[in-house]
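Protein chains in written order, with this note's numbering: chain W, 1 to 328; chain V, 1 to 328. From the three backbone atoms N, C-alpha and C, an ideal C-beta is built for every residue, glycine too.
This is the structure:
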């Protein structure tokens with residue numbers, strides 16, 4: 001069967017086809033238009049590069065589209081976005097890319113937008129040697145500003161869920177031999193692959209924060225997501241907020257079948273791409289929120305001191321000598 | 001001398017260094033924040049891919065930075081932006097890229113922003129096989145909506161300046177042998193290289209349009225820029241507005257030393273990257289504007305009919321059998 005590739009289709013026809021994934025009132029023009037009503041806009045740009053952030057073996061185009069959108073909305077949520085307006089997409093694709101690949105990518109993006117809100121506002125497409133999906137996402141700033149630099153000494157450190165799963169899913173998909181002595185159960189394997197390919201995010205996070213707020217004077221709280229791993233998230237908060245994080249190893253939520261051992265701790269702390277929110281709240285607020293949502297975990301606290309991370313249990317500190325997730 | 005490359009610097013230090021090109025109040029966070037005051041936002045995304053849109057021979061990194069910003073602001077202006085808010089930058093760079101290259105790129109971007117308005121709002125950087133600069137630019141929609149689909153039969157077609165120069169500049173920089181029988185004068189060569197490397201745009205265009213408006217009821221006019229060539233610009237207007245363009249070959253502004261001949265007409269109409277505005281106005285308005293600004297030229301008109309382009313001088317129509325500028 002002849003596979004239709006972009007070189008056959010040509011740029012104009014490609015743009016025409018991609019236009020069908022946009023709402024009917026979005027006309028292709030030099031610019032996209034965003035209507036605002038005295039609200040502040042949150043903007044996030046992220047690029048996914050083939051063979052750096054993804055490859056054909058580990059993820060199918062529909063999942064990749066989903067994940068590209070979700071990773072951008074996660075950044076909006078971690079800044080306190082109350083509503084996703086939409087995204088613009090800049091695609092770089094080799095001329096030999098099959099049309100069906102592009103179509104599946106857009107289907108995955110639209111699935112994520114249908115689930116979490118927002119539309120495709122516009123974009124462009126160019127040829128290049130490797131596939132690159134660059135998305136800019138727009139959200140409306142809600143009444144609470146969530147910022148990396150807003151953690152305070154005394155704040156409790158919390159997270160919305162379990163880390164490391166996406167890393168395990170990535171290793172399973174790429175058939176990486178990680179530890180031959182461990183037999184993982186089927187449920188954990190499937191859960192991990194799902195976390196890696198179709199990560200979920202937390203559209204109600206801001207609502208629940210506001211609902212449980214103990215002191216209405218507080219307008220800013222410390223927050224980021226764990227897209228680069230839990231360690232990196234806490235380090236980013238500590239550096240931006242100029243305080244020291246004390247972690248409670250025993251309180252860190254793990255899957256019940258997650259294996260023990262230093263290697264598995266490394267996957268947990270440095271894995272990345274989990275899109276869990278990592279944030280800090282005054283004690284009372286933290287307790288209110290944990291009561292409302294049993295899947296939010298208190299994993300440590302911030303204190304005065306040089307920006308750094310320590311475990312309450314000193315023996316675990318050697319973990320942090322490992323290198324964090326980096327792309328250069 | 002040791003040349004410092006990105007692999008030596010690492011991602012965190014790179015982000016730190018790039019942060020110095022941002023205004024001091026822009027803190028690195030998950031998102032950039034844009035404050036709006038009940039105004040509509042124009043958003044444009046464009047990517048420049050190495051060996052597709054630029055190469056090391058034809059343009060230095062500082063000029064490339066300038067051009068990347070200017071090409072995005074040109075799209076904002078051609079939609080009726082009254083003010084550029086700023087840009088986000090998504091860079092893909094090979095690990096062997098020298099730091100000085102990145103620094104020069106950012107210097108060029110900041111030079112353009114200082115000249116035309118706007119700041120660097122944020123961005124990200126990833127490694128990849130080829131250099132890609134993807135910029136998203138934000139502007140505020142002014143009181144006139146400039147849109148591709150707003151041309152009307154009877155409107156005069158105008159343009160802000162001379163086309164083809166950027167194409168000639170590109171050929172000079174790449175030492176492409178275009179026509180051995182022609183000796184070009186030095187002034188035209190230098191002017192063309194300048195047009196290619198440091199294109200200029202028209203920040204006062206909207207103001208002058210409003211100043212010369214003959215009928216205040218008109219809120220939308222047809223407009224695009226000639227980044228993909230004059231032919232493509234007029235074709236885009238004709239298709240989006242569903243009308244037919246009649247061009248007057250004799251009225252098309254050319255450099256006084258621009259050579260004659262079919263080949264040179266092709267460079268002129270299909271060259272691209274000139275960033276001149278191509279737009280349409282009712283006759284009275286067009287005359288007012290041409291009187292105010294002698295560098296704005298009336299080059300044809302729109303009429304009822306299938307979307308297409310014709311010359312008044314039928315002999316010239318064979319030109320349009322040539323293939324327009326395309327990237328796939």
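Taking CB distances under 9 Å as the criterion, tell me whether residue i reaches chain V.
i                      : result
residue 113 of chain W : no
residue 134 of chain W : yes
residue 45 of chain W  : yes
residue 147 of chain W : yes
residue 238 of chain W : no
residue 209 of chain W : no
Please classify residue i: is it buried, with 16 or more other beta-carbons within 10 angstroms of its beta-carbon, or exposed?
i                      : result
residue 84 of chain W  : buried
residue 61 of chain V  : buried
residue 159 of chain W : buried
residue 10 of chain V  : exposed
residue 186 of chain W : exposed
residue 148 of chain W : buried
residue 175 of chain V : exposed
residue 213 of chain W : buried
residue 183 of chain V : exposed
residue 69 of chain W  : buried
residue 224 of chain W : buried
residue 216 of chain W : exposed
residue 46 of chain W  : buried
residue 96 of chain W  : exposed
residue 273 of chain V : buried
residue 190 of chain W : exposed
residue 163 of chain V : buried
residue 57 of chain W  : exposed
residue 199 of chain W : buried
residue 167 of chain W : buried
residue 276 of chain W : buried
List, in chain order, every chain V residue whose beta-carbon is nearer than 7 Å to that of residue i.
i                     : result
residue 52 of chain W : 126, 127, 128
Look up residue i in the DSSP assignment and give the residues it is bridged to.
i                      : result
residue 44 of chain V  : V:137
residue 245 of chain V : V:302, V:309
residue 147 of chain W : W:222
residue 125 of chain V : V:91
residue 83 of chain V  : V:140
residue 120 of chain V : V:87
residue 98 of chain W  : W:5
residue 32 of chain V  : W:43
residue 280 of chain V : V:157, V:222
residue 320 of chain V : DSSP output for residue 320 of chain V lists no bridge partner at all.
Which residues in chain W sit within 7 Å of residue i, going by Cβ to Cβ distance?
i                      : result
residue 39 of chain V  : 36
residue 121 of chain V : 43
residue 224 of chain V : 30
Answer yes or no: does any C-beta atom of chain W fall closer than 9 Å to that of residue i?
i                      : result
residue 298 of chain V : no
residue 138 of chain V : yes
residue 57 of chain V  : no
residue 151 of chain V : no
residue 70 of chain V  : no
residue 326 of chain V : Note that residue 326 of chain V has pLDDT 48, beneath the 50 cutoff, so the model's placement of it is unreliable and no number is given.
residue 75 of chain V  : yes
residue 206 of chain V : no
residue 18 of chain V  : no
residue 317 of chain V : no
residue 320 of chain V : no
Given that residue i touches chain V, what residues does it touch there, using C-beta distances under 9 Å?
i                     : result
residue 33 of chain W : 40, 41, 42, 43, 79, 141, 145
- request: Give the residues from the stretch 77–109 of chain V that approach chain W closer than 7 Å (Cβ to any Cβ), ordered along the chain.
  value: 78, 79, 88, 90, 92, 95
query: Relative to chain V, which residues along the stretch 268–280 of chain W have a C-beta separation below 9 Å, given in chain order?
result: none
- prompt: Relative to chain W, which residues along the stretch 166–179 of chain V have a C-beta separation below 9 Å, given in chain order?
  reply: none
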